[in-house]
Each structure stands twice: as structure tokens, then as C-alpha cells.
Amino acid sequence: MEPRPPPEILAPAGTPAKLETAFHFGAGAAYLGLEDWSLRKFAGNFDWDQLEWALGLARDLGRRIYVALNVLAFEDDLDGITAALRRLAVLRPQGVIVGDPGVLALGRREAPGLRYHLSTQTSVTNSAAANWWFDQGVERIVVARELSMDQLRGVVRGATGEIEAFCHGAVCVAWSGRCFLSLYWADRDPRVGACAQGCRWPYRELEDRRRPGE
């Protein structure tokens, strides 16, 4: 049996400076968001010129860049996402992270040469679901962050493609992207990366203005 390669250490990069820092401290890859269509709404993010620079830096260092295009898209988003996919097809990052089946379908049609990873927002929790997504053209799946280690082990054993898992950072305590506390309390939509992280608020100090005393 051939030994497995070591896991890829994949770090978030909210800005060019943070990307350089991640690579300096040993990350083999980084994921980043553009100015639109990623769930990294408050991360600073990269414009197209900065993305081109980031890809050049990664090539020089022998590292990889994955671009998040993982919003749950509304109809008005589709034209802009299509244009972004076409532009990414020219720049050729090592992967594009998607979370919407429609965006994946657009990508396979408009930018078939790109490699597609499935966002944790899609909440894959079992190997049967993972293999269905692999059949749709996804090459790596970022499984749901809510899995226990035993559950993760089961997915990895049954999956026919690459599996990625969060091990540190904003590990959502609800089903990722589907918790509506943020919409209820702060009118900020987690489906487009604007989660207010209401699960982390100090609720002993919080009162619902529509329910005095609660």
C-alpha cells in the first residue's frame, strides 16, 4: 500500500498581506474571495488585479489558490457570476469553490477547464451525497463543519473523490449558511456571506425589542 501524501494545509486569505503571511508560515494553499459572490463578505477580498498577482505569487512559491464563488445565488446574480467564471477560466486558479448547483452547472458550461470544489455551505454529511456531487463534476468536497470525527471518517472511507474538512476557525454551530438568527436579529443574510454570528452574542445582555423582558 502506497503511503498517503500529507494533508494540504489550506488557509483563508482575506487580503494580499494575509495571503503572504499564510504562505510564509507554511500553508500549501489559500482560498480567497473576490469582491462579489463569495461568503467572505467582510474579509477585505481581492479585485481582479490582486487575484492575478496572487496567482503569480502562488506559482512562484509552488502553492495553490482556490477562489470562492460560493454564494447561494439569486436570479440577479447569474449574469455577474457567468462573467466571473469566464474570467477565471482565463486566469486559471487551481480551484473554484461553489455552493450552488446552478453555479456549478454554469461553471461546467462556461468554464469547463476549471476544477470545482464544493463549499461546506452545501452541508454534505454522508458519502452517498458526496459521491452524487462527484458525479456532477465536483473534484473536491468540503464537508459540513458539523460532523464529528467518527462521522468524518465514515464519509472519507465511502467517498470516491477528495475530501476537505475545516479544523480551525469560524466553525459554525448551526447548519452553515442556513441559520436565520442573523436575519432575525440583524437583518444580515448568511446566504450571501453577511452572517452577524448571532450564535456568539452574549444573550444574557440581549432583549428582543418586540418581546420586552425576553
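Take this note's numbering: the final residue in the sequence shown is number 225, and no numbers are missing along the way.
Just so you know, even glycine gets a beta-carbon here, dropped at the ideal spot from N, CA and C.
**OP:** Could you work out which residue in 222, 205 and 221 is closest to residue 83 when comparing CA atoms only?
**Re:** On the sequence shown, position 72 is the one that residue 83 refers to. Of 222, 205 and 221, the residue nearest in Cα terms is 205.
Subject >> Anticipated Cβ contact below 8 Å, residue 55 with residue 25, distance rounded >> reply: The count along the sequence shown starts at 1 and reaches residue 55 at position 44. The count along the sequence shown starts at 1 and reaches residue 25 at position 14. Right, the Cβ-Cβ distance comes to about 4 Å (below 8 Å), so this counts as a contact.
**OP:** Can you give me the Cβ contacts of residue 209 inside the same chain, cut-off strictly under 6 Å, excluding the 5 residues immediately before and after it?
**Re:** Taking the first residue of the sequence shown as position 1, residue 209 is located at position 198. Closer than 6 Å at Cβ, skipping near neighbours: 192, 193 and 196.
Original post:
Is the Cβ-Cβ distance between residue 89 and residue 117 less than 8 Å?
Top reply: For the purposes of this step, residue 89 is identified with residue 78 of the sequence shown, where counting begins at 1. For the purposes of this step, residue 117 is identified with residue 106 of the sequence shown, where counting begins at 1. Their beta carbons are under 8 Å apart, which means residue 89 touches residue 117 by this criterion.
Subject >> Buried or exposed by the 16-neighbour rule on C-beta atoms within 10 Å, applied to residue 131 >> reply: On the sequence shown, residue 131 is found 120 positions in, with the first residue counted as 1. Counting Cβ neighbours within 10 Å, residue 131 comes out buried, since at least 16 surround it.
Subject >> residue 83 - DSSP class collapsed to helix/strand/coil >> reply: Numbered from 1 along the sequence shown, position 72 holds the residue referred to as residue 83. Here residue 83 sits in coil by DSSP.
Original post:
Is the beta carbon of residue 65 sitting closer than 8 Å to the one on residue 57?
Top reply: Start at 1 with the first residue of the sequence shown, and residue 65 comes out as number 54. Start at 1 with the first residue of the sequence shown, and residue 57 comes out as number 46. A contact, by the Cβ cut-off of 8 Å.
Subject >> CA nearest to the CA of residue 99, picked from 85, 126 and 110 >> reply: The residue given as residue 99 occupies position 88 in the sequence shown. When each option's Cα is compared against that of residue 99, the closest is 126.
**OP:** Determine the DSSP secondary structure at residue 179, reduced to helix, strand or coil.
**Re:** Within the sequence shown, the letter at position 168 stands for residue 179. Of the three classes helix, strand and coil, the one that applies to residue 179 here is coil, per DSSP.
Original post:
Does DSSP put residue 211 in a helix, a strand or coil?
Top reply: Position 200 of the sequence shown, counting from 1, holds the residue named residue 211. Residue state, collapsed to three classes: helix.
Original post:
Buried or exposed: where does residue 110 fall if 16 or more other Cβ atoms within 10 Å of its Cβ makes it buried?
Top reply: For the purposes of this step, residue 110 is identified with residue 99 of the sequence shown, where counting begins at 1. Counting Cβ neighbours within 10 Å, residue 110 comes out buried, since at least 16 surround it.
Original post:
Would a check of beta-carbon distances place residue 132 closer than 8 Å to chain C?
Top reply: Looking for chain C here will not work: only one protein chain is present.
Original post:
Can the beta-carbon of residue 19 be found less than 8 Å from the beta-carbon of residue 39?
Top reply: On the sequence shown, residue 19 is found 8 positions in, with the first residue counted as 1. On the sequence shown, residue 39 is found 28 positions in, with the first residue counted as 1. Contact: yes.
Original post:
Less than 8 Å separating the beta-carbons of residue 105 and residue 76?
Top reply: By 1-based counting over the sequence shown, the position of residue 105 is 94. By 1-based counting over the sequence shown, the position of residue 76 is 65. A contact, by the Cβ cut-off of 8 Å.
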